[in-house]
Amino acid sequence: MLTVLSCIAVAHDLRYVALAALICVMGSVLSMRLIARVRRSRDSRRWLWLFLASLVAGSTIWTTHFASMLGYVVPFERSFEPVITLVSLLMVIASSAAGFMLAARTSSSAFIEIGGLIFGLGIAAMHYTGMSAFLVPGYIEWNWNFVVASILLGGLFGAVAMNRISRPVTRFCRYGASVAMIIAIVTMHFTGMSAITIVPLGGTEIPPQAMPDGYMLAAVISINLLILATVGSAYAIDVHSSKEADANYERLALFDALTGLPNRTNAERTLAGMIQANTQTTARVVVVAIDLEQFRNINGAHGQQTGDAVLRQLSARLHDALQPDEFVARIGGDEFIALKRNVFGRGDAMRFAKRLHLAIVGPHLIDDTRISLGSGIGIALSPDHGMEPRQLITRAELAAAQAKTLGSNQICRYTEGMDEDNRNRAVLAIDLRAAIAGNQLEIYYQPQNDTRTREIVGFEALVRWNHPSLGTISPGLFIPIAERNGLILDIGDYVLRQACRDAASWPERYTVAVNVAPYQLTQADLPARVSEVLGETGLDPRRLEIELTESGLIEDRNRALSTITRLRELGVTVAMDDFGTGYSSLALLQNFPFDKIKIDRSFVQSVGEKPQSAAIVRATLLIAESLGIPVLAEGVETEEELSFLREQGCPTVQGFLFGRPMPLASAQVLMLRDGLHLASLADRLQGDRDAAEKSVPRAAGA
C-alpha cells in the first residue's frame with residue numbers, strides 16, 4: 001500500500017493526477033447513470049444507451065490512464081506508440097460494452113456481477129495494452145505481485161460497481177456504484193504503475209513525441225470533456241423528458257382529461273387525507289355524490305361534442321362554487337364527487353349540497369343552445385357512515401341513486417338499508433334484460449272517464465313486470481333501472497306496439513295513452529317508429545295519445561318541438577303529463593303545441609285540504625280553456641274530488657275512483673259493461689223519444 005501511495009505522490013506530477021481525478025469522477029458518475037438507463041430501457045433505446053454508456057466509460061478510463069501516464073515522472077525522454085494507444089481505447093470501450101450488456105440482460109442473476117467483472121478486467125486490459133505503447137530508452141521490469149493485485153482490484157471493484165447500480169437498496173446506491181468505479185480505475189492504475197521498474201539502456205533510441213505533453217493532454221482532455229458534455233446533455237434531456245412524461249402520466253392518473261378536474265383516484269386520496277387530518281371528534285367530512293339525470297340524452301340529441309362542452313362548463317361552475325376546505329372531482333361519465341371537511345352540523349352538509357345543485361341546474365348555454373341539467377345528489381358523512389374513502393364514496397353514490405328514484409333534483413342522505421337496496425337493484429337490472437326477452441312484461445290499463453256521464457273515454461297503458469319469483473314489480477322500481485341501463489328503448493317499444501295492438505281490437509270510441517320516456521324523445525326516429533306501429537297494428541292515429549313529461553322536453557327544446565310537430569302530423573294526440581310539477585310548465589305550454597294537459601295527481605288529491613292546490617287546478621283549467629286545450633285530471637280517488645273537478649269544468653279524469661290499472665282481460669270486461677250501459681241508456685233515450693212523439697196530438701186530417 002505504501003508503495004502505491006509513494007508511486008502516486010513521488011512518481012507522478014500531481015497536476016496531471018488532479019486532472020485525471022477530475023475526469024475520472026465526472027465520467028464515473030455519468031457512466032453509472034447511463035448504465036441505470038440501459039437497464040430501464042428496451043429495444044433500440046437500450047442499444048443506444050449501451051453505446052453511449054460504453055463510450056463514456058471507455059473514454060473516461062482511457063483518459064484517466066493517459067493523463068496519469070503523461071504525469072508519470074521519468075528522468076529521460078519517453079513517448080507513446082499511437083496505434084497501440086488507439087487500440088487500447090477501442091479495447092476498453094468494447095470490454096465496457098460487453099460487461100454492461102451482460103449485466104443489463106438480467107435483473108437478479110449472477111450475470112450482473114460477472115458483467116461487472118468483465119468491465120473491471122477490461123480496465124486492466126486497457127492499462128497493460130496502453131503500457132505496451134509506453135516507449136522509453138530502456139526496458140521495463142514487472143513486479144508480478146502488483147500486476148496480479150491490480151487486475152484483481154479492477155475486477156473486484158468493477159463487480160461491486162455493477163452490483164450497486166443493478167441491485168440498489170436505497171437511492172444512494174447509485175453514488176456507491178460511482179465510487180466503486182472510481183476505486184476500480186484508480187487502484188488498478190496506480191497499483192499497476194507500482195509494478196514497473198524502468199531500466200535505462202544506453203544507446204537506445206525512441207521515436208520523438210508528436211507534440212509536447214501539455215498540448216497532448218489538452219487535446220485528450222478536451223475531446224473527453226466534449227464526449228462527456230455531449231452524452232451528459234443527451235442524458236439530461238432524456239431525464240427532463242422522462243420527468244415531463246412522468247408528470248403527464250401522473251396528471252393522467254389523477255386528473256380527468258376532459259374537464260381538468262381531479263378523478264376518482266385523486267378524490268380517494270384527498271378524502272383519505274381529510275379523514276386523517278380530521279382530529280376533532282365533533283367535526284365531520286361530508287362526501288357529496290352527484291349523478292346527472294338523463295345526460296346521455298344530450299349526447300344523443302346534440303352529439304358528443306356538445307355533451308363534452310356541457311361537462312366542461314359544469315365542471316368549471318362546480319369548481320368556482322367551492323370554498324376553502326372543499327374539493328370536487330369527476331369520477332365517471334356523468335358522475336361527480338364533492339368533499340368538504342370541518343363540517344359540524346348535518347345542516348351544513350345539506351347547504352353544501354344545495355350550493356352545488358344551483359351550479360348544476362343551469363341553464364347551460366352551448367353554441368346558442370340552452371341546456372338544463374338535473375341530478376340526484378347523495379350525502380355520506382365520516383365518521384357517521386364509515387372511515388374508509390371507497391366505502392364513503394360508494395355510500396354517497398347509493399344515496400344519489402336513491403335520490404333519482406324520488407324524482408328530479410332530489411337530495412338524499414345515506415341510510416343503512418341502501419346497501420341492500422343497491423344489491424337488489426343490481427339483481428333486478430340483470431333480471432330485467434331477461435324479462436324483456438322472456439315476455440315477462442305485461443300491459444295494464446287504467447280507465448279514463450268523463451266527469452259528467454262517468455263513461456269511459458279511454459285507457460292509459462301502464463307496463464308491469466311479472467317476475468318469476470318476486471311477482472308483480474311496479475314500474476316505479478324497474479323503470480329507473482331501465483333508464484340507467486339503456487333498456488328503456490326496448491321497453492318503450494314493447495309498450496307502444498302492444499298497446500296499439502290491443503286498442504285496435506277495442507270499440508272505436510276508446511283511446512289509448514302511452515307514456516314516452518325522456519330518452520325515447522331524443523331519438524330522431526320516434527315519429528317514424530310510431531307511424532310504423534300504427535301501420536302494423538291498424539290503429540287509427542286519432543285514438544293514440546303520446547304522453548310527454550317536462551324533463552324530456554327541456555333537455556332539447558328544438559328536437560322536442562320537431563318531434564311533437566311530426567307526431568301531430570300523423571294525427572296522434574300529444575299530451576303534457578304531470579302538468580304543474582315542473583318549474584317551467586307554463587313556459588312549455590307557450591312553446592309547444594300540446595293537444596291535451598294532464599294535471600298531476602299531487603294537486604288533485606289535496607284540493608280539499610290545500611287552498612293553494614285548488615287554486616292551481618282552477619288556474620290550469622282556465623288557462624287550458626283559453627288555449628282551447630282539453631284537460632284530464634289524474635289521481636281522482638273520492639267523489640268529493642270528482643265533484644270539485646266537474647264544477648270547475650274539467651272534462652275527463654283518471655284515478656282509483658273509477659278503477660285501478662288492470663290486465664287487458666279485466667279492461668275488456670269493463671268496456672263490455674260500459675257498452676251495455678251505453679246501450680241501455682240509448683234504449684231508454686229512444687223510449688223516451690217514442691213516448692214523447694205519441695203524446696203529441698195529431699193534426700186534423702193527418
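Under the working numbering, the sequence shown has 388 at position 388, and the numbering climbs by one with no breaks. Note that CB positions come from ideal geometry on N, CA and C, so glycine has one too. For clarity, every value in this text was computed on a predicted model and none was experimentally measured.
Glu397 and Thr638 have their alpha carbons spaced roughly 40 Å apart. Note on Ser88: 16 or more other CB atoms within 10 angstroms of its CB, so buried under the neighbour-count rule.
Here Thr565 has Pro593 as same chain residues with Cβ atoms under 8 Å from its own Cβ, once five neighbours each way along the sequence are excluded.
Listed in chain order, the non-local C-beta contacts of Gly58 below 6 Å within the same chain comprise Val92, Ile93 and Ser96, local neighbours out to five positions each way being set aside. Only residues of its own chain outside the window of five on either side were considered, and among them Leu432, Arg433 and Ile436 have a CB closer than 7 Å to the CB of Leu487, listed in chain order. According to DSSP, Arg464 shares a beta bridge with Glu442. In the structure shown, Leu570 adopts coil according to DSSP, grouped into three states. Sixteen is the threshold: when 16 or more other Cβ atoms of the shown chains lie within 10 Å of the Cβ of Val287, as they do, the residue is buried. DSSP, reduced to helix, strand and coil, places Thr259 outside both helices and strands of the structure shown, so it counts as coil. Here DSSP, grouped into helix, strand and coil, assigns Arg618 to helix. Thr573 is not a Cβ neighbour of Pro527, given a cutoff of 8 Å. Excluding the 5 residues flanking it on each side, Arg395 has same chain C-beta neighbours closer than 6 Å at Ala380, His385 and Tyr414, in chain order.
One alpha carbon belongs to Asn263, the other to Ala272, and they sit about 14 Å apart. The alpha-carbon of Arg105 is positioned some 27 Å away from that of Tyr249.
Gly378 counts as buried, since at least 16 other C-beta atoms from the protein chains shown sit within 10 angstroms of its C-beta.
The count of Cβ pairs closer than 8 Å, one atom from the segment 211-224 and one from the segment 167-183, stays below three, leaving the stretches out of contact. Glu205 sits exposed, since fewer than 16 C-beta atoms from the chains shown fall within 10 Å of its C-beta.
Burial state of Val73 is exposed, judged by a 10 Å Cβ sphere holding fewer than 16 other Cβ atoms. Shown here for Arg164: same chain residues with a beta carbon closer than 7 Å to its own, the five before and five after excluded, namely Cys173, Gly176, Ala177 and Ala180 in chain order. Taking the Cβ atoms as the reference, Ala513 lies roughly 18 Å from Gly580, outside the contact range of under 8 Å. One alpha carbon belongs to Val310, the other to Ala359, and they sit about 12 Å apart. Cβ neighbours of Cys24 within its own chain (closer than 6 Å, five residues either side excluded): Thr64, Ile182 and Ile185. At the C-beta level, Met662 and Tyr445 come within 8 Å of one another. In chain order, Tyr16, Asp213, Met216 and Leu217 place their CB closer than 7 Å to the CB of Leu70, counting only its own chain and leaving out the 5 sequence neighbours on each side. Within the same chain, Cβ atoms closer than 8 Å to the Cβ of Pro541 are found at Leu534, Leu570, Gly571 and Val572, the five residues on either side in sequence being excluded.
Nearest to Leu201 by alpha-carbon distance, out of Ala461, Arg497 and Tyr139, is Tyr139. Within its own chain, the residues whose Cβ lies closer than 8 Å to the Cβ of Gly649, once the five positions on either side in sequence are excluded, are Leu621 and Glu625, listed in chain order. Taking the CA atoms as reference points, Val147 sits about 21 Å from Gly115.
Contact between the segment 350-370 and the segment 239-248 is not established, with fewer than three Cβ pairs separated by less than 8 Å. Per DSSP, the unbroken alpha helix (DSSP H) holding Pro389 starts and ends at Pro389 to Leu406. Scanning its chain for C-beta atoms nearer than 7 Å, with the 5 sequence neighbours on each side dropped, one finds around Thr191 the residues Val4, Phe146, Ala149, Ser150 and Leu153, in chain order.
Every alpha helix (DSSP H) stretch that sits fully inside the segment 291-338 and reaches 4 residues is listed by chain position as 295-302 and 304-320. The residues Gly155, in chain order, have a CB closer than 6 Å to that of Leu121 in the same chain once the five nearest residues on each side in sequence are set aside.
When Ser107, Thr453 and Asn439 are compared, the shortest CA-CA separation from Asp490 is found for Asn439. In the same chain as Trp506, and ignoring 5 residues on each side of it, the C-beta atoms closer than 7 Å to its own belong to Met671, in chain order.
Out of Gly345, Pro389, Asp368 and Phe255, the CA that lies nearest to the CA of Gly332 is found in Phe255.
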